[in-house]
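Numbering of the sequence shown is given in the numbering used here, commencing with residue 26 and proceeding in unit increments. We treat Cβ as the ideally placed atom computed from N, Cα and C, and that holds for glycine. Everything below concerns the one structure shown next.
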Amino acid sequence: MIGKSHSIVRHPDMSSEVFREMWKTILNKLPWTGIVKNRKKDGSPYWVKVTINPILDHNDEIEEFIAIRNDITETILLHEELGKTQQDMIIRIGEVGETRSRETGHHVRRVAEYSRILATRYGLSEEEIRNLTNASPMHDIGKIGIPDSILQKVGPLDDAEWEVMRTHSETGYRFFKDSDSPLLKAAAIITYEHHEKWDGSGYPRGLKGEAIHIFGRITALADVFDALGSDRCYKKAWENERIFELFRQERGKHFDPILVDLFFKHLDEFLAIQSYYTETGNERGPTSADA
Ligand SMILES: [Fe+2]
Ligand SMILES: [Fe+2]
Numbered sequence: 026m027i028g029k030s031h032s033i034v035r036h037p038d039m040s041s042e043v044f045r046e047m048w049k050t051i052l053n054k055l056p057w058t059g060i061v062k063n064r065k066k067d068g069s070p071y072w073v074k075v076t077i078n079p080i081l082d083h084n085d086e087i088e089e090f091i092a093i094r095n096d097i098t099e100t101i102l103l104h105e106e107l108g109k110t111q112q113d114m115i116i117r118i119g120e121v122g123e124t125r126s127r128e129t130g131h132h133v134r135r136v137a138e139y140s141r142i143l144a145t146r147y148g149l150s151e152e153e154i155r156n157l158t159n160a161s162p163m164h165d166i167g168k169i170g171i172p173d174s175i176l177q178k179v180g181p182l183d184d185a186e187w188e189v190m191r192t193h194s195e196t197g198y199r200f201f202k203d204s205d206s207p208l209l210k211a212a213a214i215i216t217y218e219h220h221e222k223w224d225g226s227g228y229p230r231g232l233k234g235e236a237i238h239i240f241g242r243i244t245a246l247a248d249v250f251d252a253l254g255s256d257r258c259y260k261k262a263w264e265n266e267r268i269f270e271l272f273r274q275e276r277g278k279h280f281d282p283i284l285v286d287l288f289f290k291h292l293d294e295f296l297a298i299q300s301y302y303t304e305t306g307n308e309r310g311p312t313s314a315d316a
């Protein structure tokens with residue numbers, strides 16, 4: 026392998042940093058193990074798990090390298106397939122909650138994308154960003170426990186109906202809370218805390234400030250931004266300017282001030298998502314109570 030790097034068959038997805046690190050390691054006379062994505066002649070990717078051992082001569086100099094390569098393409102492809110299926114299922118589960126309340130079709134997708142932007146700009150770890158983004162479409166899944174008479178009521182809810190509507194946070198939380206999966210743990214937090222408000226005036230627990238998990242604070246902003254921008258049974262979609270005005274007012278009240286600042290700082294990213302997932306062609310009527 027001396028003088029011949031993997032670059033001859035290297036997949037463009039592989040950063041050259043990986044190979045620099047590999048060469049640095051083995052030229053330091055240490056074994057290197059890693060996963061390398063390569064490219065077949067027909068352009069399709071294949072993955073190999075590689076271990077490279079430097080072989081030293083009696084002067085302790087590198088004589089040659091021995092590489093053991095295992096083709097793990099099938100495992101990787103299965104893993105990708107599983108991830109895609111999981112994501113698809115989550116969107117569909119999330120839509121169950123929304124469809125019963127006849128919310129507009131792309132609501133959960135947009136909430137996921139807005140949450141991703143906020144989480145990234147806030148500086149969460151890659152794993153946190155992934156779990157939040159993947160779990161946020163399920164924020165209203167607890168609405169499966171709300172009767173149609175309330176969920177689809179046209180016009181304002183009375184106090185008793187509001188009380189029932191508010192139970193959807195806890196219903197969702199109970200649905201996920203005993204899971205060990207990091208994704209479903211994130212879903213438990215999001216369902217429980219997406220109606221909490223920074224100043225402590227939200228529900229169900231009236232948590233305040235950073236006592237509200239960052240996943241809850243992010244989903245709250247993402248959800249409200251999208252809900253206000255969409256038609257609902259009791260109102261037409263708000264113009265963006267009117268939403269921005271409300272966000273300025275609610276900075277430090279409903280919403281985490283840092284998140285409001287990030288929202289305005291990266292407004293172009295939010296607007297790109299908003300116009301990408303427009304509601305054109307959506308056959309569902311604008312109804313539903315927003316809780
Ligand atoms: Fe909700
Ligand atoms: Fe929502």
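- Task: Please look up how many angstroms separate the CB atoms of LEU343 and ILE243, rounded, as I've assumed it's under 8 Å.
- Result: Residue 343 falls outside the range modelled here, since the chain spans only 26 to 316, and no answer is possible.
- Message: Could you compute how far the alpha carbon of PHE289 sits from the alpha carbon of ARG146?
- Response: 11 Å
- Message: Spatial neighbours of GLU308 within its chain, please: C-beta separation below 6 Å, excluding the five flanking residues on both sides.
- Response: Confidence is the limiting factor: at GLU308 the pLDDT is only 33, short of 50, which leaves the residue's position unreliable and the question unanswerable from this model.
- Query: Is it buried or exposed for GLY148, if we count other Cβ within 10 angstroms and need 16 for buried?
  - Reply: exposed
- Could you say which of THR110, HIS238, VAL249 lies nearest to ASN265 if we only look at CA atoms? VAL249
- Query: When DSSP builds the beta bridges, which residues end up paired with PHE280?
  - Reply: ARG276
- Item | Beta-carbon spacing of PHE280, PHE269 below 8 Å | no
- Task: Could you check what DSSP says for ASN95 in three-state terms: helix, strand or coil?
- Result: strand
- Item | Beta-carbon proximity of ASP165 to HIS193, cut-off 8 Å | yes
- Find the nearest neighbour of ILE77 within the set ASN53, ASN63, SER206, judged by alpha-carbon distance. ASN53
- Name the DSSP beta bridge partners of ARG257, please? LYS260
- Message: When you measure from the CB of ASP293 to every non-hydrogen atom of ligand 2, does any distance come out below 7 Å?
- Response: no
- Query: Between which two residues does the alpha helix (DSSP H) carrying ASN159 extend?
  - Reply: 151 to 160
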